[in-house]
Amino acid sequence: MAMFQSEIPFHGMRDIDACVEIIRSFYVRGWVLGTGGNFSVLLTRKPFRLAITSSGIDKGIIAPEHFPHVDASGNVVEGTGKPTAEAGLHLAVLAAVNAGAVFHTHSVWATLLSTIYFPSGGLHIEGYEMLKGLHGVDSHTHREWLPIIENSQNIPSLGDTVQKLLEESPTVHGFLIRGHGLYTWGKTIYEAKQHVEIFEFLLEVIGRRRTMLIET
Ligand SMILES: [Zn+2]
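Sequential numbering from 2 applies to the sequence shown in the working numbering.
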């Protein structure tokens with residue numbers, strides 16, 4: 002299978018296979034250890050069908066059968082397994098932005114920085130060439146706002162917060178949940194993968210700068 006090769010505009014089982022490889026690569030990089038993180042691929046908008054990772058699946062051994070299909074209400078319409086507890090957040094993102102895939106990671110840097118910057122409501126990222134990996138960004142001078150919302154186990158309430166956030170800030174490419182991790186998305190799984198890599202890189206740069214005691 003051609004992995005990470007091109008942006009295939011087809012969302013189907015081929016995308017699920019590619020998504021599995023992407024998740025395993027994220028696992029190796031320490032961004033989705035254990036059962037951390039969850040991933041969804043929009044199969045069709047009408048009717049709304051979303052393939053989303055099952056609850057409690059170890060991301061190091063995830064397989065294509067771990068993607069039940071849900072409708073716009075989160076009900077399983079195909080496949081087996083219980084969808085991730087955070088399915089409501091994926092649905093909230095997809096209700097607010099025109100995306101084809103939503104990826105969520107639990108990295109060390111996202112966890113740390115989301116607690117440090119939470120009192121400011123988020124963090125601005127600017128001056129880095131890697132910003133150009135975000136869709137529509139063409140200069141390192143771009144000033145990216147990465148909002149941070151409070152964590153909660155009340156997913157319907159968190160979903161409302163996410164939807165409101167994205168309606169108020171439609172130009173963001175992702176957000177952090179305090180002490181929890183990163184959500185980002187893309188028109189394709191390849192764009193979503195790229196956004197995870199860019200944000201994880203930038204968060205690590207910012208985190209390492211702080212540990213080097215450089216003024217930011
Ligand atoms: Zn999570």
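Here a beta-carbon is modelled for each residue, glycine too, at the ideal position from N, C-alpha and C.
Bear in mind that the values here come from a model prediction, so they are computed numbers and not experimental data.
Starting from H125, follow the beta strand (DSSP E) in both directions and report where the run begins and ends. Residues G123 to E127.
Closest to H221 by CA distance: which of I149, P171, V71 and S74 is it? For the chain, the structure presents residues 2 to 217; residue 221 sits outside this window and is missing.
Rounded straight-line distance, which links the Cα of P84 to that of R46: 18 Å
Any non-hydrogen atom of ligand 3 within 6 Å of G160 CB: As far as ligands go, the structure on display features ligand 1 and does not contain ligand 3.
Just to confirm the assignment: which complete beta strand (DSSP E) runs, minimum length 3, are found wholly within the stretch 21-50? 39-45
Report the residue from V78, L183 and K194 whose alpha carbon sits nearest the alpha carbon of E151. L183
Check the DSSP bridge columns for Y184 and list the partner residues they point to. H105 and F176
Indicate, with yes or no, if ligand 1 has a heavy atom lying under 6 Å from the CB of G31. No, the Cβ of G31 stays beyond 6 Å of every heavy atom of ligand 1.
So, L115 versus R179, is the Cβ gap smaller than 7 Å? Residue identity differs from the one stated: residue 115 is Ser in this sequence, not Leu. Against a cut-off of 7 Å, the Cβ pair of R179 and S115 comes out as a contact.
Give a single yes or no on whether G182 has its beta carbon closer than 6 Å to a heavy atom of ligand 1. yes
Which partner residues of V71 appear in the DSSP bridge assignment? L51 and V77
What does the Cβ neighbour count give for T172, buried or exposed, with the cut at 16 atoms within 10 Å? exposed
Local Cβ density within 10 Å of T112, reported as buried at 16 or more and exposed below that: buried
Minimum C-alpha distance to I24 - residue among F68, L51, F49 and L44: It is F68 whose Cα lies nearest to the Cα of I24.
Quick one: measure Cβ to Cβ for V21 and T106, integer angstroms, because I've assumed they're closer than 8 Å. Actually they are not in contact, since the Cβ atoms of V21 and T106 sit about 15 Å apart, beyond 8 Å.
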